[in-house]
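*Asks:*
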Amino acid sequence: MHTSDTEKRIISAPLTDEIIKTLHAGEMVYISGTIYTARDAAHKRLCEMIKRGEEMPFDFEGQIVYYAGPAPAKPGEPIGSVGPTTAGRMDAYTPTLVEHGLRAMIGKGARNQAVIDSLKDHCGVYFAAIGGAAALMSLCVKEAEVIAFDELGTEAIRKLRVEELPVIVAVDCHGGNVYDRSSEKK
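So the sequence shown is residues 99 to 284, counted in the numbering used here.
Have a look at this one:
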């Protein structure tokens, strides 16, 4: 399902495998629904919890994690600036989380081969957000709530309700990868 240049493609979170399979590297989409923030420290804790067999703070199935540590909210606002963090910092943890149901991530920058393979093996997708547009991204956040690891401050896990958060499909479940020019279809 491809859209014209003038038509906005809005997808709803959490994602289904059917939706993920329609996404292609290089495509611009807008996410509406519930997503979660988590960065390095939270990823490490989540993987430790999985090893110990503990219950996760949210059900990973079909969920999207935004690699972001938001700035404090101004009075009356749900969140402060919320720009993407470099995704490679989460590469060591991502395959484990994908194996346990996480289906999508939002960040900036390329991913390692283990992450790309896990997205292909488990029908996942990696979205790139525009670095430097944190204040604009915050306008898409309608609600924000810390749900785990409050002591981590900005790196706590937050549940966000977003409307039309703009992202680019960077790595799709078919192996397409905007960061790898050799994966382009000829």
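Every residue, glycine too, gets a C-beta built ideally from N, C-alpha and C.
#1: Whose C-beta lies closer than 8 Å to the C-beta of N210 among residues of the same chain, with five residues either side of it excluded?
#2: To the nearest angstrom, how far is the alpha carbon of E159 from that of R279?
#3: Which residue or residues does DSSP assign as beta-bridge partners of I129?
#4: Which value, in whole angstroms, describes the spacing of the CA atoms of I177 and P170?
#5: Let me know if P173 comes out buried or exposed under the rule of 16 or more other beta-carbons within 10 Å of its beta-carbon.
#6: Using C-beta distances below 6 Å, list every residue in its chain close to H220, excluding the 5 sequence neighbours before and after it, in chain order.
#7: Tell me the residue span of the beta strand (DSSP E) that contains E243.
#8: Expressed to the nearest angstrom, what Euclidean distance is found between the alpha-carbon atoms of G124 and P264?
#9: Which residue marks the beginning of the beta strand (DSSP E) containing V223, and which one marks its end?
#10: Starting from A254 and walking both ways along the beta strand (DSSP E), at which residues does that stretch end?
#11: Using only CA atoms, which one of R259, I266 and H141 lies nearest to Y165?
#12: What residue range is occupied by the uninterrupted beta strand (DSSP E) comprising I204?
#13: Rounded to the nearest angstrom, what separates M203 and F225 at their Cα positions?
#14: Starting from V163, trace the alpha helix (DSSP H) in both directions and tell me its first and last residue.
#15: What did DSSP end up calling T120 once you bin it into helix, strand or coil?
#16: For Y208, count neighbouring C-beta atoms within 10 Å of its own C-beta (all shown protein chains included) and say buried if the count is 16 or more, exposed if not.
#17: Can you tell me which of the three DSSP states V180 falls into?
#18: State buried or exposed for M126, treating a residue as buried only when at least 16 other CB atoms are found within 10 Å of its CB.
*Replies:* Considering the structure as presented:
#1: Looking up residue 210 in the sequence shown gives position 112. So the list reads G186 and D189, once near-sequence residues are dropped.
#2: Looking up residue 159 in the sequence shown gives position 61. Looking up residue 279 in the sequence shown gives position 181. Straight through space, the alpha carbons of R279 and E159 are spaced by roughly 31 Å.
#3: Residue numbering aside, residue 129 sits at position 31 when the sequence shown is read from its first letter. I129 is bridged to I109 and L263.
#4: On the sequence shown, residue 177 is found 79 positions in, with the first residue counted as 1. On the sequence shown, residue 170 is found 72 positions in, with the first residue counted as 1. Roughly 6 Å between the two C-alpha positions.
#5: By 1-based counting over the sequence shown, the position of residue 173 is 75. Under this definition P173 is an exposed residue.
#6: Along the sequence shown, read from residue 1 onward, the residue named residue 220 stands at position 122. Excluding sequence neighbours, H220 sits near V196.
#7: For the purposes of this step, residue 243 is taken as the residue at position 145 of the sequence shown. E243 -> beta strand (DSSP E) spans V239 to A246.
#8: As a first step, residue 124 is located in the sequence shown; it is residue number 26 there, counting from the start. As a first step, residue 264 is located in the sequence shown; it is residue number 166 there, counting from the start. Taking the straight line joining both Cα atoms gives about 13 Å.
#9: On the sequence shown, position 125 is the one that residue 223 refers to. Segment V223 to A226, the beta strand (DSSP E) holding V223.
#10: Here residue 254 is taken as the residue at index 156 of the sequence shown, counted from 1. Where A254 is concerned, there is no enclosing beta strand (DSSP E), because DSSP gives it neither an H nor an E.
#11: Translated into the one-based positions of the sequence shown, residue 165 becomes position 67. Comparing Cα positions, the closest option is H141.
#12: The residue you call residue 204 lines up with position 106 of the sequence shown. Following the DSSP letters along the chain, one finds I204 inside the beta strand (DSSP E) bounded by residues A202 to G205.
#13: Here the question's residue 203 lines up with position 105 in the sequence shown. Here the question's residue 225 lines up with position 127 in the sequence shown. Cα to Cα, M203 sits roughly 6 Å from F225.
#14: Within the sequence shown, the letter at position 65 stands for residue 163. No alpha helix (DSSP H) holds V163; the beta strand (DSSP E) holding it covers I162 to Y164.
#15: To locate residue 120, count along the sequence shown from 1; it is residue 22. It is coil, neither helix nor strand.
#16: Along the sequence shown, read from residue 1 onward, the residue named residue 208 stands at position 110. The sequence shown places Ala at residue 208, not Tyr. Answer is buried; the Cβ neighbour count reaches 16.
#17: Position 82 of the sequence shown, counted from the first residue, corresponds to residue 180. Annotated three-state conformation of V180 is coil, per DSSP.
#18: For this step, residue 126 is matched to residue 28 along the sequence shown. So M126 ends up on the exposed side.
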